[in-house]
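My numbering puts the first residue of the sequence shown at 3, with every later residue one more than the last. A virtual CB, placed ideally from N, CA and C, is assigned to each residue, including glycine. Shown next, in structure tokens, is the structure this report addresses.
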Amino acid sequence: MADAGLDHLAPWLEGYLQRLKPAERRKLTRKLAKALRDRNAKRIRDNMQPDGTPMEPRKSQRDRRGRLRKRKARMFPKAALARNLRGVARTDEVVVSFRPLIQRTAEVHHFGEEAPVDPRIRNSIRVRYAARRLLGLSEEDMSAIEDETLELLDR
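Right, dumping it as structure tokens:
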């Protein structure tokens with residue numbers, strides 16, 4: 003679900019990163035994984051997409067009497083929790099992903115797929131959900147990655 007947006011960093015950064023010891027690279031990737039996880043979680047809580055546009059709001063629902071229900075709650079309340087959003091750091095890569103129990107729901111909303119409203123019910127109605135990008139890299143994320151990397155290299 004994440005972008006391959008770090009490819010443009012590779013040409014000038016690869017030479018510097020090769021000079022780092024494996025322990026320093028792991029330290030950098032751990033720091034970047036935590037920062038990216040926190041930034042994505044904040045965007046999900048704020049119902050913003052990585053490019054800065056607001057997510058398409060939910061469709062309004064009606065109560066038993068036919069009146070419109072007011073929705074004030076956030077759209078993905080549990081997806082942004084640290085226990086459900088993982089930042090995995092390896093020596094040469096950083097991966098931000100969802101826990102497997104949350105992953106299918108996140109994929110449906112991220113890509114705008116069709117899915118049953120309640121997957122526990124055998125013949126549940128199927129709905130096409132609006133595409134709401136949950137994970138990704140913004141320009142601010144890219145500049146933060148560059149800043150963190152340059153800060154470590156300056157030491």
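Test item: CB-CB of residue i and residue j under 8 Å
i	j	result
Arg124	Gly89	no
Glu116	Arg130	yes
Pro52	Arg135	yes
Met77	Arg92	no
Ala146	Leu87	no
Ala82	Ile46	yes
Glu150	Lys33	yes
His112	Leu137	yes
Arg71	Gln63	yes
Arg27	Leu19	yes
Val96	Ala25	no
Pro118	Arg128	yes
Leu30	Leu154	yes
Gly114	Ala133	yes
Gly1	Ser140	It is not possible to answer for residue 1, since the shown part of the chain is limited to 3 through 157.
Bridge-paired residues (DSSP) for residue i
i	result
Glu116	Arg130
Met144	Note: Met144 sits in no beta bridge, so no partner.
Problem set entry | Complete runs of the alpha helix (DSSP H) confined to the stretch 52-114 [at least 4 residues] | The stretch 52-114 contains these whole alpha helix (DSSP H) runs: 102-113.
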